[in-house]
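K.L.:
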Amino acid sequence: MIAVVLILIMKPAGPVSAAWSVTFKNPDPCALKGASVEFRCSYSYPETENVLKTSWYKGCMKDGHWKRVDLSVLPSYQNRSEYLGDQQHSCGLALHNLQDNDTGHYYFGLETDKYIRQSQDSVFLSVTELNVRVSPQRVRMGDNVKLECGMSCEPAPSTVWLKDTQPITNTEFQAQADDAGTYVCVVEGLESVNSHSVTLDVQYSPLNVSVEVTPPGLLAVGSSVNLTCSSAANPVADNYTWYRATASTSITQVGSGPVLSFPSMEESHNGVYVCQAGNHLGENNSTEVLLTVGRTDIYKSILIGIGVTVLLLLLLPLVIIWIWKHYRKSADTEEHSHDYENVSASHDYENVTTS
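In structure tokens:
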């Protein structure tokens with residue numbers, strides 16, 4: 001039986017085989033890696049034959065020879081190839097989740113009750129990726145940035161840039177601090193297939209410089225206090241300078257480093273403090289922080305005064321309620337007393353009249 005089949009395959013084309021043909025409607029498709037592609041195909045065969053089986057093959061080199069291998073026996077195509085045709089005249093094929101090695105020649109063939117035939121022409125599939133670039137990749141805040149996305153397929157589809165899953169409307173802009181991050185390009189309407197990511201590094205001098213006082217609140221003589229300076233910067237701030245201004249002196253430098261420590265506060269530490277944070281791109285100042293140091297006995301007096309005020313505010317409503325209740329009780333007693341006298345007088349008048 002095998003010998004017979006081979007003879008039929010090698011049999012020279014005659015009048016019967018002349019009716020056999022395959023037409024590829026998109027012979028050179030181009031598709032993105034990770035996407036899907038469809039081969040649109042139709043075929044014809046002699047009316048005297050009945051189609052038993054249809055197959056798609058991929059051309060590849062094996063042992064130095066060009067061979068056509070049935071997709072159904074290739075493990076890499078399992079669950080990724082889908083026959084869209086029938087056993088009449090349609091022979092479409094869909095390939096899903098395309099990979100780089102899917103690039104190549106694809107052939108269609110069929111088996112009838114008389115012959116096994118394979119197409120001489122093929123579909124050549126090109127699998128490509130989105131080519132993306134951000135230029136320049138490292139900029140200073142305010143510099144111009146351009147995002148570029150393209151692919152080798154023609155016509156190229158419409159693409160969209162995403163940053164943190166959010167679409168970017170402008171692909172050319174002046175970089176700001178919050179523009180730093182990772183970007184990807186996707187085909188519009190096919191967001192599940194995206195390019196490799198590109199990173200934009202935006203460098204800037206310290207921004208939003210602030211000072212935190214620890215512990216917060218009233219400062220007493222002898223207490224320990226830390227002033228901590230922080231900022232947003234790229235690269236991070238590596239130079240901190242502390243300044244103090246008082247009513248009697250000009251601004252003077254009082255320390256360096258991100259933390260200014262006072263192990264034991266004194267009244268001489270009173271003043272306005274400012275932190276200056278910097279990197280190689282520049283420097284910026286924090287908002288002013290006022291430190292006022294007082295003696296413990298003064299603070300105790302202040303606290304006692306505050307406590308007495310709070311106590312009075314709490315007691316005042318109670319006193320008002322007590323006075324109101326006492327007034328109501330007195331008023332009720334007086335009212336009842338007048339009613340009793342009127343009744344007594346009425347009885348006396350009646351008694352006198354009866355006599």
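Position one of the sequence shown corresponds to residue 1 (our numbering), numbered consecutively onward. Built from N, CA and C at the ideal position, the CB exists for glycine as well.
1. What number of angstroms, rounded off, separates the C-alpha of Leu218 from the C-alpha of Ser268?
2. Looking only at its own chain, which residues have a Cβ that is under 6 Å from the Cβ of Ser44, when we skip the five neighbours before and after it?
3. Could you spell out the range, first to last residue, of the beta strand (DSSP E) harbouring Asn144?
4. Between the beta-carbon of Cys153 and the beta-carbon of Thr171, is there less than 8 Å?
5. With 16 as the cutoff for other CB atoms within 10 Å, does Val361 come out buried or exposed?
6. Pairing CB atoms from the stretch 107 to 125 with CB atoms from the stretch 134 to 152, are three or more of them under 8 Å?
7. Which same chain residues, not among the five before or five after Asp297, have their C-beta less than 7 Å away from its C-beta?
8. Quick test of your reading: Ala409 and Val202, contact by CB under 8 Å. State the CB separation rounded to the nearest angstrom.
9. Quick check: the Cα distance between Ala19 and Glu47, rounded to an integer number of angstroms?
10. Taking buried to mean at least 16 other C-beta atoms within 10 Å of its own C-beta, is Arg117 buried or exposed?
11. Restricting to Cα atoms, I'd like to know which of Lys33, Leu281, His65 and Cys275 is closest to Ser210.
12. Here's a check: name, in chain order, each residue in its chain whose Cβ is nearer than 6 Å to the Cβ of Leu260, leaving out the five neighbours to either side.
13. State yes or no: is the C-beta of Arg68 within less than 8 Å of the C-beta of Tyr107?
14. For Leu52, count the other beta carbons within 10 Å of its own beta carbon; 16 or more makes it buried, fewer makes it exposed. Which is it?
15. Exposed or buried, Met61, counting other C-beta atoms within 10 Å across all chains shown (16 or more means buried)?
16. Report yes if the C-beta distance between Ala233 and Ala180 is below 8 Å; otherwise report no.
17. Under a Cβ-count criterion, where at least 16 other Cβ atoms within 10 Å of its own Cβ denotes burial, should Ser231 be classed as buried or exposed?
18. Curious, which full-length beta strand (DSSP E) runs of at least 3 residues does the stretch 195 to 255 contain?
19. For the candidate residues Val160, Phe39 and Ser126, whose alpha-carbon lies nearest to that of Leu190?
20. Measure from the C-beta of Ser126 to each C-beta in chain B and report whether the shortest distance is under 8 Å.
21. Quick one: residues in its chain with C-beta nearer than 8 Å to the C-beta of Val139, no 5 flanking neighbours on either side, listed in chain order?
P.N.:
Quick look at the numbers:
1. 16 Å
2. Ser21
3. Asn144 to Gly150
4. no
5. This structure gives no information on residue 361, because the portion of the chain shown stretches from 1 to 355.
6. no
7. In this prediction, Asp297 has a pLDDT of 49, which is less than 50 and means its spatial position is unreliable; what the coordinates show is noted afterwards. Closer than 7 Å at Cβ, skipping near neighbours: no residue.
8. Lying before the first or after the last residue shown, residue 409 is absent from the chain, which here runs from 1 to 355.
9. 9 Å
10. buried
11. Cys275
12. Leu227 and Trp242
13. yes
14. exposed
15. exposed
16. no
17. buried
18. 198 to 214, 225 to 234 and 239 to 245
19. Val160
20. This model lacks chain B altogether; it includes just one protein chain.
21. Val145, Ala175, Leu200, Asp201, Val202 and Gln203
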